[in-house]
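There are 2 protein chains.
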Amino acid sequence: MANSLRAAGGKKSNESDVLSLNSIRRTLIQLEDTIIFNLLERSQFSYNPAAYDRNASGIVGFNGSLIEYLVQGTEKLHAMVGRYKSPDEHPFFPEQLLQPVLPPVHYKNVLHRAAASININKLIWDVYFDDLLPRLVREGSDGHCGSSACCDTTILQALSKRIHYGKFVAEAKFRESPDKYSAAIEAQDKDKLMEMLTYKEVEENVKRRVRFKALTFGRVVGTDASPLADPPLKMKPDLVVELYDKWLVPLTKEVEVHYLLRRLDN
Amino acid sequence: MANSLRAAGGKKSNESDVLSLNSIRRTLIQLEDTIIFNLLERSQFSYNPAAYDRNASGIVGFNGSLIEYLVQGTEKLHAMVGRYKSPDEHPFFPEQLLQPVLPPVHYKNVLHRAAASININKLIWDVYFDDLLPRLVREGSDGHCGSSACCDTTILQALSKRIHYGKFVAEAKFRESPDKYSAAIEAQDKDKLMEMLTYKEVEENVKRRVRFKALTFGRVVGTDASPLADPPLKMKPDLVVELYDKWLVPLTKEVEVHYLLRRLDN
Chain A
13 MANSLRAAGG
23 KKSNESDVLS
33 LNSIRRTLIQ
43 LEDTIIFNLL
53 ERSQFSYNPA
63 AYDRNASGIV
73 GFNGSLIEYL
83 VQGTEKLHAM
93 VGRYKSPDEH
103 PFFPEQLLQP
113 VLPPVHYKNV
123 LHRAAASINI
133 NKLIWDVYFD
143 DLLPRLVREG
153 SDGHCGSSAC
163 CDTTILQALS
173 KRIHYGKFVA
183 EAKFRESPDK
193 YSAAIEAQDK
203 DKLMEMLTYK
213 EVEENVKRRV
223 RFKALTFGRV
233 VGTDASPLAD
243 PPLKMKPDLV
253 VELYDKWLVP
263 LTKEVEVHYL
273 LRRLDN
Chain B
13 MANSLRAAGG
23 KKSNESDVLS
33 LNSIRRTLIQ
43 LEDTIIFNLL
53 ERSQFSYNPA
63 AYDRNASGIV
73 GFNGSLIEYL
83 VQGTEKLHAM
93 VGRYKSPDEH
103 PFFPEQLLQP
113 VLPPVHYKNV
123 LHRAAASINI
133 NKLIWDVYFD
143 DLLPRLVREG
153 SDGHCGSSAC
163 CDTTILQALS
173 KRIHYGKFVA
183 EAKFRESPDK
193 YSAAIEAQDK
203 DKLMEMLTYK
213 EVEENVKRRV
223 RFKALTFGRV
233 VGTDASPLAD
243 PPLKMKPDLV
253 VELYDKWLVP
263 LTKEVEVHYL
273 LRRLDN
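From first to last, the protein sequence lines are chains A and B.
The first sequence begins at 13 in our numbering and counts up one residue at a time.
The second sequence begins at 13 in our numbering and counts up one residue at a time.
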């Protein structure tokens, strides 16, 4: 529930700081840690298919799976303390949310109003459950359905935040070179925008860094001071590199393109 | 929401496995990772006093702080999917819980029934907010009240689970040497029990391991392959060592003693 635009003590945050590429970069790097820590936490449990069976949750009065119940319940609770009023937070079940019980915070919204209509969480949900999770964990059940679903919820929130941060990335890049982007936006040229938003070297750096993070945070640490040359790992680093390469970087850019295409709307 | 005693597919778990010292050790070691990961997550935010002010949450219809609101709400949600029916889970607000909406799971309860009455979460709450948190984070407010309180909630749950796992530790030790413990229990000799439960070498190993974990998981990881000899750290390793030395190990033993004192109750 990081409210990036919510300033200390209710004061308005500094617009230029929120949109500085340094500040955005810090947030994205911190989210790498959050994502990797929580994937490691999830990897200790088996797949636990019962958590995902829409017909077998057994929850009285609820038509869905345990994971749907937990994500919806968590989002309702967090909505009540204002999470989804923050422009960097996106619910998976927007139709289920309750109104906040806290007085409204006045965000200085630095994004174009079109941002509010961009939410690709349905796709993120499918990527996580169909592609990532089955390769992260052991098959079968170990009885830890609840723990598994709690980890899933935290991971989904972090993936969603990372990917939708593309809105801030796009706005910052647009403000740096409005003329350059405006031509492609006016032409509604998606391919051109995607090309302009792609920095191969930056993407390679991200992949290199998340590999080191997976190697570092995923180590099985014992009581021996001298680190082994080849320590046992809780998760394959390739999984995280591929997550970034195949999904997080491309989907963030997809959000950036979506946003820019509407950046000049009246 | 790790249901240590909840077996796969609803089958009863294996009692001897749950109470093997190896299995208990694995759980405690895994909880070290969870605790350290989440302390590192919390350390990225400032203290954010507004989250803890009982008179200033501003939550309509709620008499308490933001953190109380979030922990209570999370516990209500988790209770509904059966978390606190598991003998290794303990709520901070037991009076607030709702009945599960899931069909009951039949736990093979390996503990003496006196276990159910032992809950020192009030003390854990005070230790975390009065002693640990102020030394973990920067002073002041950065506007991330919600994120801070979400991290706090996860940390509290992990600390509580770690400390109350003393019930399983005590039961396993009792079953290994019932005669040895029975004399001290019949005499209700707390000091003797504490002495019998204390293994200095094991405690030193725990402290050594959590220091290495804090040094490893707390590293600021960049894109450079060669690890620095003295890498920047996100949290002082001493803080985690002291947490274990001053609180987690002694409080776990306090739970063990509480439990053993009642182990022979009719």
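By construction, the Cβ of each residue, glycine as well, lies at the ideal position given by its N, Cα and C atoms.
Treat the numbers as computed from the prediction; the structure is a model and nothing was measured.
Give the DSSP bridge partners of residue i, in chain order.
{"i": "serine 303 of chain B", "result": "The structure shown does not extend to residue 303 of chain B, since chain B spans only 13 to 278, so no value can be given for it."}
{"i": "arginine 231 of chain A", "result": "A/Leu245"}
Within 10 angstroms of the Cβ of residue i, are there 16 or more other Cβ atoms? Answer buried if so, exposed if not.
{"i": "valine 214 of chain A", "result": "exposed"}
{"i": "glutamate 207 of chain B", "result": "exposed"}
{"i": "glutamine 84 of chain A", "result": "buried"}
{"i": "arginine 187 of chain B", "result": "exposed"}
{"i": "asparagine 217 of chain B", "result": "exposed"}
{"i": "threonine 210 of chain A", "result": "exposed"}
{"i": "proline 116 of chain A", "result": "exposed"}
{"i": "histidine 118 of chain A", "result": "exposed"}
{"i": "leucine 33 of chain B", "result": "exposed"}
{"i": "serine 159 of chain B", "result": "buried"}
{"i": "alanine 182 of chain A", "result": "buried"}
{"i": "leucine 110 of chain A", "result": "exposed"}
{"i": "threonine 86 of chain A", "result": "buried"}
{"i": "leucine 135 of chain B", "result": "exposed"}
{"i": "proline 99 of chain A", "result": "buried"}
{"i": "glutamine 169 of chain B", "result": "buried"}
{"i": "glutamate 268 of chain A", "result": "buried"}
When the Cα of residue i is compared with those of the options, which residue comes out closest?
{"i": "arginine 54 of chain A", "options": "B/Thr264, B/Ala161, B/Thr46, B/Met208", "result": "B/Thr46"}
{"i": "proline 106 of chain B", "options": "B/Val113, B/His90, B/Pro116, B/Asp138", "result": "B/His90"}
{"i": "serine 172 of chain B", "options": "B/Val122, B/Leu52, B/Trp259", "result": "B/Trp259"}
{"i": "tyrosine 193 of chain B", "options": "B/Leu276, B/Asp242, B/Ser32", "result": "B/Leu276"}
{"i": "asparagine 121 of chain A", "options": "A/Lys97, A/His156, A/Ser153", "result": "A/Lys97"}
{"i": "glutamate 59 of chain B", "options": "B/Asp201, B/Lys246, B/Asp154, B/Leu263", "result": "According to the sequence as given, residue 59 of chain B is tyrosine; it is not glutamate. For tyrosine 59 of chain B, the nearest C-alpha among the options comes from B/Asp154."}
{"i": "tyrosine 140 of chain B", "options": "B/Arg125, B/Cys163, B/Ser129, B/Val222", "result": "B/Cys163"}
{"i": "glutamate 254 of chain B", "options": "B/Asp143, B/Lys134, B/Asn75, B/Glu101", "result": "B/Asp143"}
{"i": "lysine 212 of chain B", "options": "B/Pro243, B/Asp257, B/Gly152", "result": "B/Asp257"}
{"i": "leucine 245 of chain B", "options": "B/Thr235, B/Arg231, B/Phe104", "result": "B/Arg231"}
{"i": "alanine 128 of chain A", "options": "A/Gly178, A/Thr166, A/Trp137, A/Gln108", "result": "A/Gly178"}
{"i": "glutamine 108 of chain B", "options": "B/Ile41, B/Lys88, B/Val93", "result": "B/Lys88"}
{"i": "glutamine 42 of chain A", "options": "A/Lys225, A/Val269, A/Asn278", "result": "A/Lys225"}
{"i": "valine 30 of chain B", "options": "B/Leu123, B/Pro190, B/Glu44, B/Pro61", "result": "B/Leu123"}
{"i": "glutamate 44 of chain B", "options": "B/Pro262, B/Val222, B/Asn67", "result": "B/Val222"}
{"i": "glycine 152 of chain B", "options": "B/Gln56, B/Gly76, B/Val269, B/Leu263", "result": "B/Gln56"}
{"i": "lysine 248 of chain B", "options": "B/Leu145, B/Pro190, B/Phe74", "result": "B/Leu145"}
{"i": "serine 35 of chain A", "options": "A/Gln169, A/Ala184, A/Pro190, A/Ala199", "result": "A/Ala184"}
So with CB distances below 7 Å, who are the chain B contacts of residue i?
{"i": "valine 149 of chain A", "result": "Those within 7 Å of valine 149 of chain A in chain B number zero; the least Cβ separation is about 13 Å."}
{"i": "threonine 6 of chain A", "result": "With chain A covering only 13 through 278, there is no way to say anything about residue 6 of chain A."}
{"i": "glutamine 108 of chain A", "result": "Near glutamine 108 of chain A there are no residues of chain B at all, since even the closest Cβ is about 13 Å away, more than 7 Å."}
{"i": "alanine 56 of chain A", "result": "Looking at the sequence provided, one finds glutamine at residue 56 of chain A rather than alanine. Result: Gln42."}
Note down, in chain order, every chain A residue with its Cβ under 7 Å from the Cβ of residue i.
{"i": "proline 115 of chain B", "result": "Gly70"}
{"i": "tyrosine 81 of chain B", "result": "Val93"}
{"i": "alanine 225 of chain B", "result": "Note that residue 225 of chain B corresponds to lysine in the displayed sequence, not to alanine. Those are Val233, listed as they occur along chain A."}
So with CB distances below 8 Å, who are the chain B contacts of residue i?
{"i": "glycine 94 of chain A", "result": "Gly158"}
{"i": "phenylalanine 285 of chain A", "result": "Because chain A spans 13 through 278 in this model, residue 285 of chain A falls outside it and cannot be assessed."}
{"i": "phenylalanine 186 of chain A", "result": "Under the 8 Å cutoff, chain B gives no residues; its nearest Cβ is about 24 Å from phenylalanine 186 of chain A."}
Here's a check: name, in chain order, each residue in its chain whose Cβ is nearer than 7 Å to the Cβ of residue i, leaving out the five neighbours to either side.
{"i": "leucine 251 of chain A", "result": "Arg147, Leu148"}
{"i": "phenylalanine 229 of chain A", "result": "Ile48, Phe49, Leu52"}
{"i": "leucine 65 of chain A", "result": "Checking the sequence shown, residue 65 of chain A turns out to be aspartate, not leucine. So the qualifying residues of the chain are Ser77."}
{"i": "leucine 40 of chain B", "result": "Arg174, Tyr177"}
{"i": "phenylalanine 74 of chain B", "result": "Tyr81"}
{"i": "histidine 270 of chain A", "result": "Ile130"}
By the criterion of Cβ-Cβ separation under 9 Å, what are the contact partners of residue i in chain A?
{"i": "glycine 76 of chain B", "result": "In chain order: nothing, as chain A lies at least about 12 Å away."}
Using a threshold of 8 Å, is the CB atom of residue i nearer than that to any non-hydrogen atom of the ligand GDP?
{"i": "serine 129 of chain B", "result": "Within the structure as shown, the ligand GDP is missing, as the structure has no ligands at all."}
Suppose the cutoff is 6 Å on Cβ atoms and the five residues either side in sequence are ignored; what does the same chain contact list for residue i look like?
{"i": "alanine 161 of chain B", "result": "Ala63, Leu78, Ile79, Leu82"}
{"i": "isoleucine 71 of chain A", "result": "Tyr81"}
{"i": "threonine 166 of chain B", "result": "Asn50"}
{"i": "arginine 38 of chain A", "result": "none"}
Within a Cβ cutoff of 8 Å, which residues of the same chain sit near residue i, ignoring the five residues on either side of it in sequence?
{"i": "serine 197 of chain A", "result": "It should be pointed out that residue 197 of chain A corresponds to isoleucine in this sequence rather than to serine. Within the same chain, isoleucine 197 of chain A has close Cβ partners Leu205, Leu272, Leu273, Arg275, Leu276."}
{"i": "histidine 102 of chain B", "result": "Tyr96, Asn131, Asn133, Ser172, Lys173, His176"}
{"i": "valine 93 of chain A", "result": "Met13, Pro112, Val113, Leu114"}
{"i": "lysine 265 of chain A", "result": "Gly178, Met206, Leu209, Thr210"}
Give the interface partners of residue i over in chain A, defined as CB-CB distance under 8 Å, in chain order.
{"i": "asparagine 217 of chain B", "result": "Thr235"}
{"i": "threonine 46 of chain B", "result": "Glu53"}
{"i": "arginine 221 of chain B", "result": "Val233, Gly234, Thr235"}
Which chain B residues are close to residue i, counting only those with a beta carbon under 9 Å from its beta carbon?
{"i": "leucine 89 of chain A", "result": "Tyr81, Leu82, Gly85, Thr86, Lys88, Leu89"}
{"i": "isoleucine 178 of chain A", "result": "Note that residue 178 of chain A corresponds to glycine in the displayed sequence, not to isoleucine. Per Cβ cutoff of 9 Å: no residues; glycine 178 of chain A is ~20 Å from chain B at best."}
{"i": "arginine 174 of chain A", "result": "Those within 9 Å of arginine 174 of chain A in chain B number zero; the least Cβ separation is about 14 Å."}
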